[in-house]
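*Asks:* Structure in structure tokens, see below.
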Amino acid sequence: GIRPEVIETSRQINLIYQYWIHTDAIRTIGPLEEVLNTASHHRVHHGVNKQYLDKNHGSILILWDRLFGTFEREDEPVVYGLTTNINTFNPLRIAAHEHDQIRKDVAAADNWHDRLSYIFRGPGWAYSQHRGVAGGEDGPVEVSAHLATTA
Numbered sequence: 007g008i009r010p011e012v013i014e015t016s017r018q019i020n021l022i023y024q025y026w027i028h029t030d031a032i033r034t035i036g037p038l039e040e041v042l043n044t045a046s047h048h049r050v051h052h053g054v055n056k057q058y059l060d061k062n063h064g065s066i067l068i069l070w071d072r073l074f075g076t077f078e079r080e081d082e083p084v085v086y087g088l089t090t091n092i093n094t095f096n097p098l099r100i101a102a103h104e105h106d107q108i109r110k111d112v113a114a115a116d117n118w119h120d121r122l123s124y125i126f127r128g129p130g131w132a133y134s135q136h137r138g139v140a141g142g143e144d145g146p147v148e149v150s151a152h153l154a155t156t157a
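Counting from 7, one number per residue, gives the positions in the sequence shown under the working numbering.
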């Protein structure tokens, strides 16, 4: 097996790597963008823009997302947030809100395929298949709509 020290060292390297990709200050790192998960790629991961849902899951290497078809370039400003905003500061509600929404979506689904898909697929599927059921009444926010309300 693998020695525990190797696993722990790998975990620490991964954690340290995450610090620099959580920034808007770094726009691009040139050709390394093709191999590594970068700040730009990770911004996409956190976006609620329709084209950014369920994208760029890689931790250090972006190769896996390219291989599995979940890679997306940052082509427009990223809107950060949740597919369904919550209006609470209650930590228990914050921790449970997504599970509550999945439960509601499963209960409202018309067939078993959709019920299982709400459980096992991502928010991008729910929004594209059933606008208005998952992601709130209006689904994920459009960048132009978000900018108009925050300007």
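Think of the CB as a built atom: it goes at the ideal place given N, C-alpha and C, for glycine as much as any other residue. None of these values were measured; they are calculated from a predicted model.
In whole angstroms, what is the alpha-carbon distance linking R109 and H103?
*Replies:* Approximately 10 angstroms, taken between the alpha carbons.
*Asks:* For a test of the three-state rule: what should DSSP assign to G128, helix, strand or coil?
*Replies:* Coil, per DSSP.
*Asks:* How big is the Cα-Cα spacing for I92 and A101?
*Replies:* Cα to Cα, the separation comes out at about 11 angstroms.
*Asks:* Note down, in chain order, each residue of its chain lying with its Cβ closer than 8 angstroms to the Cβ of Y124, except the 5 sequence neighbours on either side.
*Replies:* Counting only Cβ-Cβ distances below 8 angstroms, and skipping sequence neighbours, we find I108, D111, V112, A115, A132, A140.
*Asks:* When the distance is taken between beta carbons, is T44 closer than 7 angstroms to I35?
*Replies:* Yes, the Cβ-Cβ distance between I35 and T44 is below 7 angstroms.
*Asks:* By Cβ distance below 7 angstroms, which residues in the same chain neighbour L69 in space, the five residues on each side in sequence not counted?
*Replies:* Excluding residues within five positions, the ones whose Cβ falls inside 7 angstroms are V41.
*Asks:* Alpha carbon to alpha carbon, how far is D60 from D71? Give it in angstroms, no decimals.
*Replies:* Taking the straight line joining both Cα atoms gives about 10 angstroms.
*Asks:* Nearest to K56 by CA position, among E78, I19, N117, R9, is which residue?
*Replies:* Among E78, I19, N117, R9, the Cα nearest to that of K56 belongs to E78.
*Asks:* So within the stretch 9-91, which uninterrupted alpha helix (DSSP H) runs reach at least 4 residues, ignoring any that extend past its ends?
*Replies:* Counting whole runs of 4 or more residues, the stretch 9-91 contains the alpha helix (DSSP H) stretches 10-27, 45-51, 69-74.
*Asks:* On a CA-only basis, which of R99, E80, T76, R33 is nearest G130? Give me that one, please.
*Replies:* Comparing Cα positions, the closest option is T76.
*Asks:* Using a Cβ-Cβ cut-off of 7 angstroms (strictly less than) and excluding sequence neighbours within five positions of G53, which residues of its own chain qualify?
*Replies:* Closer than 7 angstroms at the Cβ level, and outside the excluded window around G53, lie V84, V85, Y86.
*Asks:* Is the Cβ-Cβ distance between I66 and Y25 less than 7 angstroms?
*Replies:* Result no, Cβ atoms of I66 and Y25 do not sit closer than 7 angstroms.
*Asks:* Within 10 angstroms of its Cβ, does H119 collect 16 or more other Cβ (buried), or is it exposed?
*Replies:* Its Cβ having fewer than 16 others within 10 Å, H119 is exposed.
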